[in-house]
Amino acid sequence: DAKTTQPTSMDCAEGRAANLPCNHSTISGNEYVYWYRQIHSQGPQYIIHGLKNNETNEMASLIITEDRKSSTLILPHATLRDTAVYYCIVRVGAGNMLTFGGGTRLMVKP
Amino acid sequence: GAVVSQHPSWVICKSGTSVKIECRSLDFQATTMFWYRQFPKQSLMLMATSNEGSKATYEQGVEKDKFLINHASLTLSTLTVTSAHPEDSSFYICSAVPAGGGTQYFGPGTRLLVL
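Set out below in C-alpha cells:
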C-alpha cells in the first residue's frame, strides 16, 4: 500500500473551512484515497473516498491533485463536533484491511 | 444504513479470565470482518481478518490461541480474549465489509480493562 503523510495536528476556527492535506506520492493507478475520522473513544467513521476526480458528499469534499500525489479533505463549515483524528488511507479497496497511520488531530476552536 | 455494533461497550475483568466481544453488522451481511486494537494515544493496529465460515487470518505478533476469533454467520464475529492479562487492556474495534463489497464500516469499540 502507498504510504501517506499527514500533519500531526491542526487547529481550525468554528464555522471556518478546515483543509486537511495528505501526501501520497507513491500511490498506484488503481489505489483509492479514503478518509476516515475517529472522535475520541469511538470507532472510526467513514467520510469520503475518491480515485482521481474530486468528490463531495454531505460531510466533506475531497480534492485530489491531477498527478494524484496529494489530496485535501475539506470540511466546509467546521463545528466543535468535528474535533477528531482524521486518517488518510490509500488502498486498492476499503474491503481490504486498512493500515492506519498517525492521522491529523484536528482541533476546532470556538 | 451500514451500522456495526459491538457488545459490550466496556468490560472490566480479573486477570486470568476470558472475555468475549461481539461484533454485529445490523443492516447488511458481511463476509469479511476485521479486528483492530488501539492503545492510548496510538493508532489502530490490525489484529486479524475474519472470514465467514473459515479460519481467521492473524497479523504477525498476534497470538491466535490467545485471541480466538469466530465468524459463524454473515452478521456476527466474536473475539475472545483468553486468560486476559493487564497488558491486554486496550480499545478493541471491529469493522465489517458488505458482502457486495464497498466501504469498510467500523463498530463503536469495546474498552477492556484487565485488573
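Quick note, the sequences are listed as chains E and H, same order.
So the first sequence is numbered by my numbering: it starts at 80 and just counts up by one.
So the second sequence is numbered by my numbering: it starts at 46 and just counts up by one.
Every residue gets a Cβ at the ideal spot worked out from N, C-alpha and C, and that includes glycine.
For a contact meaning CB atoms closer than 9 Å, what does TYR125 of chain E contact in chain H?
-> Against chain H, the beta carbon of TYR125 of chain E has neighbours under 9 Å at ALA47, THR148, GLN149, TYR150 and PHE151, listed in chain order.
Taking the alpha-carbon positions, what's the ALA163 of chain E to GLY106 of chain H distance?
-> C-alpha separation (whole angstroms): 29 Å.
Below 8 Å between beta carbons: does that hold for SER88 of chain H and GLY152 of chain H?
-> Not closer than 8 Å, so no.
Inter-residue Cα distance where the pair is VAL169 of chain E and ARG147 of chain E = Rounded to the nearest whole angstrom, the CA to CA distance from VAL169 of chain E to ARG147 of chain E is 11 Å.
Alpha carbon to alpha carbon, what distance is there between LEU159 of chain E and LEU121 of chain H?
-> Their Cα atoms are separated by approximately 34 Å.
Is the CB of CYS158 of chain H under 8 Å away from at least one CB in chain E?
-> Here the sequence assigns Leu to residue 158 of chain H, which means Cys is not the residue at that position. Not an interface residue.
Which stretch, first to last residue, makes up the beta strand (DSSP E) that contains GLU67 of chain H?
-> Where GLU67 of chain H is concerned, the enclosing beta strand (DSSP E) stretches over 64-70.
Just the C-alpha distance for LEU177 of chain E and GLU104 of chain H, rounded to the nearest angstrom, thanks.
-> Here the alpha carbons of GLU104 of chain H and LEU177 of chain E stand approximately 13 Å from one another.
Identify the contact partners of THR94 of chain H in chain E, using a Cβ-Cβ distance below 7 Å as the criterion.
-> Under a criterion of Cβ atoms nearer than 7 Å, the residues of chain E adjacent to THR94 of chain H are, in order, MET176.
SER99 of chain H to LEU119 of chain H, Cα distance in whole Å?
-> Taking the CA atoms as reference points, SER99 of chain H sits about 12 Å from LEU119 of chain H.
Tell me, please, whether the CB atom of HIS103 of chain E is closer than 8 Å to any CB atom in chain H?
-> The Cβ of HIS103 of chain E sits no closer than 8 Å to any Cβ of chain H.
If you measure beta-carbon to beta-carbon, which residues of the stretch 85-115 of chain E are closer than 9 Å to chain H?
-> Only those residues of the stretch 85-115 of chain E whose C-beta falls short of 9 Å from the nearest C-beta of chain H are listed: TYR113 and TYR115.
Between which two residues does the beta strand (DSSP E) containing ASN98 of chain E stretch?
-> Counting along the chain, the beta strand (DSSP E) containing ASN98 of chain E begins and ends at 97-102.
Keeping to the same chain, check which residues put their C-beta closer than 7 Å to that of LEU154 of chain E; ignore five residues upstream and five downstream.
-> If we look at LEU154 of chain E and ignore the five residues flanking it on each side, its Cβ neighbours are ALA96, ALA97, ALA139 and ASP161.
What residues in the stretch 80-91 of chain H bring their beta carbon closer than 7 Å to a beta carbon of chain E?
-> Of all residues in the stretch 80-91 of chain H, SER88, LEU89 and LEU91 have a Cβ within less than 7 Å of some Cβ in chain E.
Counted within 10 angstroms of its Cβ, other Cβ atoms place THR155 of chain H as buried (16 or more) or exposed | THR155 of chain H comes out buried.
What is the C-beta distance between GLY181 of chain E and GLN85 of chain E, in whole angstroms, given that I count them as a contact (C-beta under 8 Å)?
-> Yes, GLY181 of chain E and GLN85 of chain E are in contact; Cβ-Cβ is about 7 Å, under 8 Å.
When the Cα atoms are used, what is the spatial distance from PHE79 of chain H to LEU160 of chain H?
-> The straight-line gap from Cα to Cα measures roughly 26 Å.
Simplified DSSP state of PRO131 of chain H, which is helix, strand or coil = The answer is helix: DSSP assigns PRO131 of chain H an H, G or I state.
Return the CA-CA distance between SER60 of chain H and SER135 of chain H, expressed in angstroms with no decimal places.
-> Taking the Cα positions, SER60 of chain H is about 14 Å away from SER135 of chain H.
Taking only beta carbons into account, state which residues of the stretch 127-141 of chain E come closer than 9 Å to chain H, listed in chain order.
-> Result list: HIS128.
With a floor of 3 residues, list each beta strand (DSSP E) that falls wholly inside the stretch 155-189 of chain E, ordered by position along the chain.
-> Counting only runs of 3 or more, we get 163-170 and 183-188.
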